[in-house]
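Chains as they are written, first to last, in the numbering used here: chain A, 107 to 437; chain Z, 107 to 437.
No residue lacks a Cβ here, since even glycine has one placed at the ideal position from N, Cα and C.
Number of protein chains: 2
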Amino acid sequence: MNKQMNVTKVGILGFGGLGQAAAQVLTPKQEMKWVAVADQKGYAYQPEGLTVQSCLDSYRQHGSVGYLEPGGTLSTTSIRDLIQTSPVNAYFLALPNLPNTFMADVVQEFINAGWQGVLVDALKRTTAMETVLGMREQLQAAGITYLTGCGATPGLLTAAATVAAQSFAEIHEVKITFGVGIANWEAYRATIREDIAHMPGYTVEQAKAMTDEEVAALLERTNGILELQNMEHADDLMLELAGICPRDRVSVGGVVDTRNADKPLSTNVQVTGRTFEGKIATHTFTLGDETSMAANVCGTALGYLKAGMAFHRQNCYGIMTAAEVMPKFVH
Amino acid sequence: MNKQMNVTKVGILGFGGLGQAAAQVLTPKQEMKWVAVADQKGYAYQPEGLTVQSCLDSYRQHGSVGYLEPGGTLSTTSIRDLIQTSPVNAYFLALPNLPNTFMADVVQEFINAGWQGVLVDALKRTTAMETVLGMREQLQAAGITYLTGCGATPGLLTAAATVAAQSFAEIHEVKITFGVGIANWEAYRATIREDIAHMPGYTVEQAKAMTDEEVAALLERTNGILELQNMEHADDLMLELAGICPRDRVSVGGVVDTRNADKPLSTNVQVTGRTFEGKIATHTFTLGDETSMAANVCGTALGYLKAGMAFHRQNCYGIMTAAEVMPKFVH
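If you want it as structure tokens, here you go:
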């Protein structure tokens, strides 16, 4: 759109299902270039741009993007090393929520390194988000613009709920119901464990400690279906911080089918409130079933990354949630 | 929410159906106070806050808010006089779109007066919005933060479309279909003529020149129904400027029932696009039927007015559309 387009150099931390999808979403973009990636065992940086297939080959065949030739480096402190050595404008933190302090620990690495730029996460858990929100002043002082909760839910649906709320004098309920269909759960090992941690009878620690065999056995018992209710999703915190309603009026639940790429129900958010005339009504935002979790999470995350770049150029640092900022469309 | 809340002093320009509804929406707000209003024949200012009923009485019984005692002033240059004499932080421009340069002429009055603050409009017509967008540099120099297109459509639905677009690599179509039910069209005389101007066989000038009797005769022939297609709505311009899609992919149409407060169909926006995996899908945002045009327009306008105040406090001046900014919830 802009002839003198500034190309944003983007890094991805984490190269599981989410990180891989983000790399694919990034590849055709003209105004962003994917130059850096890190997993637990290594990292890769190529100033001219990484290619998804080469990174996938290194990751799948050898166990880390650090084996990439050229550009790969093996390291047990891969994130720290990547931050310190590679010029990157913005990172998408495609990392697990668990433990709840993990994202905050990674953010601390950026601050410690004196890095300046834009960070975007797709955090889901309220507790994890509260931890990163507590770093507001450190982030401001560091010159980092951090946008949190920028996936699908929270993220896309939270932003839609914020817009929807405008018709009402008071919000009575925000109800998010998602349907997820994945053909092969083994591509989303970390995400599935996070989902299981939301089921009755499972703690975060128990879910994280499950072996692949134990996950498979659980899914065998449920015909591959995970039904989740009253999930700890940071939509509640984000909508409360945005002044929409107290967090206990926000609920998140859903159905995950781990054996079918088709969604078991259409993901939607319903915002119910009272208008100034005293009428009770519900606005509904429904996602097309053909949109994958990867499209809804990664597209949104990059849209917020672009919005974050605009704030960063205006020397606006600190941390904001997806409910406070309009995402920008990335070309 | 905030104990040391800054109360924004809000003015309303225009006291037809839209301005009157905005006054009602404003009345219970804690963080905003309605202090000023102008119509064609006069204006009123009360630093402690205006009351809707008193203004309605003056307007209906005497023909102008300028008859209000105390606070009212009769003037044939009511807007200019109000701007120059009254301390107001932000104005909602609840004025007709027609003629297309009318809003721009009013904005020029603010610039000429050396006024600084926030302006919000609910402009509908693309041509009118192009005119005010052309004033960007003047507004920046003047220290005015102007948010345009902040009604329902454009406004609420345009913002929802911008959020919805994030799932897609390319947007194929944005289709807005609105249903409006009004029990008594005579409360929305200007709005109805703007609608008629969108009907086949009517120009803007013809619609504006229609007498009330001619409008009534037209509605008699259509059983009170106005069917509008391919309307000139600035959603197209706003989504193009936000980089979502070329304006010719955006269409706005609707059905207005002038004899029934119930909506003839649920107002909705559908965003169809292609995901990064090549899937075609449609996200849909549907408004609850019980929400009135007044609730959807005025609630949104005030949400953007609050967002505009935050920009103005940060010395961020100029003009932005509702597709570029996340509205804030007003308490």
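Comparing alpha-carbon positions, which option in the options lies nearest residue i?
i, options, result
"Gln376/Z", "Val280/Z, Ala322/Z and Gly287/Z", "Val280/Z"
"Arg299/A", "Val310/A, Glu338/A, Glu243/A and Thr114/A", "Val310/A"
"Ser164/Z", "Ala348/Z, Val143/Z and Gly285/Z", "Val143/Z"
"Phe274/A", "Ile250/A, Ser357/A, Ile386/A and Gly307/A", "Ile386/A"
"Leu325/Z", "Asp395/Z, Phe284/Z, Asp301/Z and Val113/Z", "Asp301/Z"
"Ala196/A", "Arg419/A, Asn329/A and Gly172/A", "Arg419/A"
"Glu215/A", "Asp187/A, Leu229/A and Pro205/A", "Asp187/A"
"Gly285/A", "Val436/A, Val361/A, Glu137/A and Asp342/A", "Val361/A"
"Thr251/A", "Ala429/A, Val436/A and Leu411/A", "Leu411/A"
"Gly172/Z", "Leu119/Z, Pro260/Z and Thr328/Z", "Leu119/Z"
"Cys404/A", "Asn203/A, Gly257/A, Leu204/A and Cys161/A", "Gly257/A"
"Ile90/A", "Asp354/A, His339/A and Asn290/A", "Since the first residue of chain A shown is 107 and the last is 437, residue 90/A is not available in this structure."
"Ala428/Z", "Gln167/Z, Ser184/Z and Thr264/Z", "Thr264/Z"
"Lys314/A", "Asp145/A, Pro205/A, Ala128/A and Leu162/A", "Pro205/A"
Just to make sure I have the definition right: I need the residues of chain Z whose C-beta is within less than 7 Å of the C-beta of residue i. Which are they?
i, result
"Glu383/A", "Ser398 and Ala401"
"Gln244/A", "Under the 7 Å cutoff, chain Z gives no residues; its nearest Cβ is about 21 Å from Gln244/A."
"Gly409/A", "Gln272"
"Thr297/A", "Within chain Z, no residue comes near Thr297/A; the closest Cβ sits about 17 Å away, beyond 7 Å."
Closer than 8 Å by beta-carbon distance: list the chain A residues that pair up with residue i, in chain order.
i, result
"Gly386/Z", "First, the residue type needs correcting, since residue 386/Z is Ile and not Gly in the sequence shown. Neighbours of Ile386/Z on chain A, chain order: Glu396."
"Met432/Z", "Ala265, Thr268, Val269, Ala429, Glu430, Val431 and Met432"
"Gln126/Z", "Simply none; closest approach about 12 Å."
"Leu225/Z", "Per Cβ cutoff of 8 Å: no residues; Leu225/Z is ~18 Å from chain A at best."
"Gly349/Z", "Met107, Lys434, Phe435 and His437"
"Val116/Z", "Chain A residues near Val116/Z: none, gap ~15 Å exceeds 8 Å."
"Leu456/Z", "As shown, chain Z starts at 107 and ends at 437. That puts residue 456/Z outside it, with no answer to give."
"Leu325/Z", "Within chain A, no residue comes near Leu325/Z; the closest Cβ sits about 24 Å away, beyond 8 Å."
In chain A, which residues lie less than 7 Å from residue i when you measure between Cβ atoms?
i, result
"His339/Z", "Those do not exist, as His339/Z stays about 17 Å from chain A at its closest Cβ, beyond 7 Å."
"Lys134/Z", "The sequence given here has Pro at residue 134/Z, not Lys. Ordered by position in chain A, the residues that pass the 7 Å Cβ test against Pro134/Z are Ala275."
Please report how far the alpha carbon of residue i lies from the alpha carbon of residue j, in whole angstroms.
i, j, result
"Lys442/A", "Thr406/A", "Chain A is shown from 107 up to 437; residue 442/A falls before or after that span and cannot be answered."
"Gln246/A", "Gly424/A", "4 Å"
"Asp211/A", "Val194/A", "19 Å"
"Gly359/A", "Met337/A", "6 Å"
"Gln244/Z", "Gly220/Z", "11 Å"
"Gln312/Z", "Glu396/Z", "33 Å"
"Leu180/A", "Lys147/A", "6 Å"
"Gly249/A", "Asn421/A", "8 Å"
"Phe417/A", "Ala348/Z", "16 Å"
"Thr232/A", "Gln272/Z", "23 Å"
"Thr373/Z", "Leu225/A", "36 Å"
"Gly117/A", "Pro260/A", "21 Å"
"Lys115/A", "Met138/A", "6 Å"
"Leu262/A", "Arg365/Z", "37 Å"
"His437/Z", "Thr388/Z", "33 Å"
"Thr133/A", "Asn218/A", "30 Å"
"Lys109/Z", "Asp354/Z", "Note on Lys109/Z: pLDDT 46, under 50, position unreliable in the model; no value is reported."
"Met107/Z", "Arg242/Z", "Note that Met107/Z scores 38 on pLDDT, short of 50, meaning its location in the model is unreliable; the coordinates nonetheless yield the value given after this. Each residue's Cα considered, the two are about 34 Å apart."
"Pro352/A", "Gly307/A", "27 Å"
"Ile350/A", "Glu319/Z", "44 Å"
"Val356/Z", "Val213/A", "40 Å"
"Leu156/Z", "Val141/Z", "5 Å"
Can you say whether residue i is buried or exposed, counting buried as having 16 or more other CB atoms within 10 angstroms of its CB?
i, result
"Val431/Z", "buried"
"Thr317/Z", "exposed"
"Gln222/Z", "exposed"
"Asn402/Z", "buried"
"Thr207/Z", "exposed"
"Gly384/A", "exposed"
"Val113/Z", "exposed"
"Gln159/Z", "exposed"
"His304/A", "buried"
"Glu346/A", "buried"
"Thr392/A", "buried"
"Gln167/A", "exposed"
"Met426/A", "buried"
"Asp341/A", "buried"
Would you mind telling me which residues of chain Z sit closer than 8 Å to residue i, beta carbon to beta carbon, in chain order?
i, result
"Gln159/A", "Result: empty, since nearest Cβ-Cβ is about 15 Å, beyond 8 Å."
"Thr179/A", "In chain order: nothing, as chain Z lies at least about 28 Å away."
So which residues on chain Z does residue i lean against when the C-beta distance must stay under 9 Å?
i, result
"Thr283/A", "Correct list: empty, because the minimum Cβ distance to chain Z is about 15 Å."
"Phe391/A", "Ala266, Val269, Ala270, His389, Thr390, Phe391 and Thr392"
"Thr130/A", "Just to set this straight, residue 130/A is Gln in the shown sequence, not Thr. Here the neighbours are Phe382 and Glu383."
Taking residue i as the query, report the chain B residues whose CB atoms sit under 9 Å from its CB, ordered along the chain.
i, result
"Thr406/A", "Reference to chain B is not applicable here, since the protein chains of this structure are A and Z."
Any 3 or more C-beta pairs closer than 8 Å across the region 264–274 of chain Z and the region 236–245 of chain Z: no
Exercise. Say whether the region 118–138 of chain Z touches the region 286–302 of chain Z, bearing in mind that this needs 3 or more beta-carbon pairs closer than 8 Å, one atom from each stretch.
Key: yes
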